[in-house]
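Student:
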Ligand code: NAD
């Protein structure tokens, strides 16, 4: 599959606008190292123009005041126009982010579209004026007054969405859906590694008939992000990326007191109990190792296995992983593609060296796969770790590297799971549903999957992290609330 996409414009104020400097970047396919396209590189001046457009559209445009149903109709057109371009978008996801065809189609694309649809439906179902209390109280002039209170949910204002490179299309839609459904105006800044998966959305948005300035895209790096997160005309930031940058963004946003929602990294634990279905656990263990070449925030990369079945688990896991085909993900038979860049591969290889030098037993992989010199490929790598204290069990690697750690009691497993600065996801494998539920309740993370869970994102429930994994939630009613203000109107009969 070849793909070539040339795009020379940002999307600002409902128009295609060339970046002020005219700068462009080449975009590389991480599997082939071939150039797949060119994208404009935004600057601070472009960010300034996008903020002005979004502010104007919020303060003077029809979008925030529009009747919910009318807004939902426009968003439905936008959603359906994206669906109509699915094949092209999936091919782009494969070529730009290195996803396998199956993952790009079912997870990056279908799951994000389900989420978008959920928000379109939610605004039609939801009550935005909610009755509070009704009371009778004495009037100043004698007699009695009938008083009442209502809560009114209103669009928050100008929102900025900043996204990571690993699931770019999905993450971009995860900002666009709720922000626009809530009636906010939005400026999206995608990751510099994956600009095309944002710009294609801009092109499609123009066809959907969004009012001018409601949705804007500015590409670029740190300086563009800094401008967007410090400008006083921006009201809210929805960020997905590393905890390190999340902390910087929170600091950047503090002087202007913006509302900040952060979806950050993870180092999630999967607990495999003595009574687990071992095949099912090992299969999930493999998927947590290899999905998106290990570049996933929710991947359960610490696998805590009861010591009585630890060797058996390792054998099964290695046998399953050895059957996986690594290569160009455009080939539908390929199970795992490359990392995003040479720099990311260097970082992951450094972690593997550290894993070895700190005395952990390397049981699978550890290097670059034979015959795959072109592209940023790396072997799925499994360590049998001596403890949870080792660097590779504590830091987010963002590559296909697993730590298997033994335990003897449930309490020990829960303590190890919680011994992390992160708290995004987790898993429990046991044939005893009650026991698994009890363990899940004691894990300090935003979500836990029992026996692998439903297998896909459920947009009706909130997603997010405890501790350094984030602040706030995406999806569900709570996800929409991130983009809403609440006003209380209190009145009484004259
Ligand atoms: P990153 O934090 O390096 O960059 C994310 C975005 O922040 C990019 O668009 C980048 O240009 C921008 N940025 C960098 N410095 C900035 C600044 N000072 N001001 C404003 N913007 C700035 O993350 P990454 O390497 O692209 O992605 C990997 C990380 O994202 C991992 O930690 C992963 O766990 C996390 N992630 C989290 C979720 C989630 O939902 N919790 C989902 C996907 C990825």
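In our numbering, the protein residues as written are 2 to 495.
In this text, a Cβ means the ideal position worked out from N, Cα and C, and glycines have one as well.
Every value quoted in this text rests on a predicted model; they were computed, and no experiment measured them.
For a test of the three-state rule: what should DSSP assign to residue 491, helix, strand or coil?
Tutor: DSSP, read as helix, strand or coil, puts residue 491 in strand.
Student: Can you give the Cα-Cα distance for residue 503 and residue 197, rounded to whole angstroms?
Tutor: With the chain covering 2 to 495 only, the question about residue 503 has no answer from this structure.
Student: Nearest-angstrom Cα distance between residue 493 and residue 142?
Tutor: Those two C-alpha atoms are separated by around 14 Å.
Student: Is the number of C-beta pairs between the segment 412-428 and the segment 374-385 that are closer than 8 Å three or more?
Tutor: no
Student: Taking only three categories from DSSP, how would you classify residue 113?
Tutor: Note: residue 113 maps to helix in three-state DSSP.
Student: Comparing C-alpha positions only, which one of 166, 484, 186 sits nearest to residue 61?
Tutor: Comparing Cα positions, the closest option is 186.
Student: Hey, is the segment 267-274 in contact with the segment 419-432, meaning 3+ C-beta pairs nearer than 8 Å?
Tutor: Per the Cβ contact rule, the segment 267-274 is in contact with the segment 419-432 (3 or more Cβ pairs under 8 Å).
Student: Taking only heavy atoms of ligand 1 into account, decide whether any of them is closer than 6 Å to the Cβ of residue 343.
Tutor: no
Student: For a test of the three-state rule: what should DSSP assign to residue 323, helix, strand or coil?
Tutor: helix
Student: Given this structure, state the Cα-to-Cα distance separating residue 304 from residue 47, to the nearest angstrom.
Tutor: 45 Å
Student: When DSSP labels each residue in this structure, what does residue 18 get in the three-state scheme?
Tutor: strand
Student: Shorter than 6 Å, the distance from the beta carbon of residue 241 to the closest heavy atom of ligand 1, or not?
Tutor: yes
Student: Who pairs with residue 442 in a beta bridge, going by DSSP?
Tutor: Paired residue(s): none; residue 442 is not in a bridge.
Student: Drop a sphere of 10 angstroms on the beta-carbon of residue 458, count the other beta-carbons inside from all chains shown, and report buried for 16 or more, exposed for fewer.
Tutor: buried
Student: Within the present structure, is the beta-carbon of residue 298 separated from the nearest heavy atom of ligand 1 by less than 6 Å?
Tutor: yes
Student: With residue 352 as the anchor, note down where its alpha helix (DSSP H) starts and where it stops.
Tutor: 343-358
Student: Please report the straight-line C-alpha distance between residue 190 and residue 219, rounded to a whole angstrom.
Tutor: Approximately 5 Å between the Cα atoms of the pair.
Student: Using a 10 Å radius around the Cβ and a threshold of 16 neighbouring Cβ atoms, would you call residue 7 buried or exposed?
Tutor: exposed
Student: Name the DSSP beta bridge partners of residue 201, please?
Tutor: The partner list for residue 201 (beta bridge, DSSP) is empty, contrary to what the question assumes.
Student: Using a threshold of 6 Å, is the CB atom of residue 419 nearer than that to any non-hydrogen atom of ligand 1?
Tutor: no
Student: Please report the residue range of the alpha helix (DSSP H) in which residue 78 lies.
Tutor: 69-85
Student: Tell me whether residue 438 is buried or exposed, calling it buried when 16 or more other Cβ atoms sit within 10 Å of its Cβ.
Tutor: Its Cβ having fewer than 16 others within 10 Å, residue 438 is exposed.
Student: Which of helix, strand or coil does DSSP assign to residue 51?
Tutor: Helix.
Student: Going by DSSP, what residues sit across from residue 404 in a beta bridge?
Tutor: 303, 384
Student: Which one or two residues does DSSP pair with residue 362 in a beta bridge?
Tutor: Bridge partners of residue 362: 385.
Student: Straight-line CA distance for residue 173 to residue 147?
Tutor: 47 Å
Student: Just to check my reading of the structure: residue 44 and residue 21 have Cβ atoms closer than 8 Å, yes? What is that Cβ distance to the nearest angstrom?
Tutor: Confirmed, about 6 Å.
Student: Among 340, 490, 476, 140, whose alpha-carbon lies nearest the alpha-carbon of residue 118?
Tutor: For residue 118, the closest alpha carbon among the candidates 340, 490, 476, 140 is that of 476.
Student: Excluding the 5 residues flanking residue 132 on each side, which residues of the same chain have their C-beta closer than 7 Å to its C-beta?
Tutor: 151
Student: Cutting at 6 Å between CB atoms, please list the residues of its own chain near residue 260, excluding the five before and the five after it.
Tutor: 237
Student: Ligand 1 and residue 166: does any heavy atom of the ligand fall closer than 6 Å to the residue's C-beta?
Tutor: yes
Student: Keeping to the same chain, check which residues put their C-beta closer than 7 Å to that of residue 158; ignore five residues upstream and five downstream.
Tutor: Around residue 158, the same chain offers 59, 185, 236, 237 as residues with beta carbons nearer than 7 Å, after the five sequence neighbours per side are excluded.
Student: Could you tell me which of 213, 289, 396 sits nearest to residue 243, measuring between CA atoms?
Tutor: 396
Student: Does any heavy atom of ligand 1 sit closer than 6 Å to the C-beta of residue 227?
Tutor: yes
Student: So, at 8 Å on beta carbons, what are the nonlocal neighbours of residue 89 in its own chain, with the 5 sequence-adjacent residues on each side left out?
Tutor: 201
Student: Which term fits residue 333, buried or exposed, when burial requires 16 or more other beta carbons within 10 angstroms of its beta carbon?
Tutor: exposed
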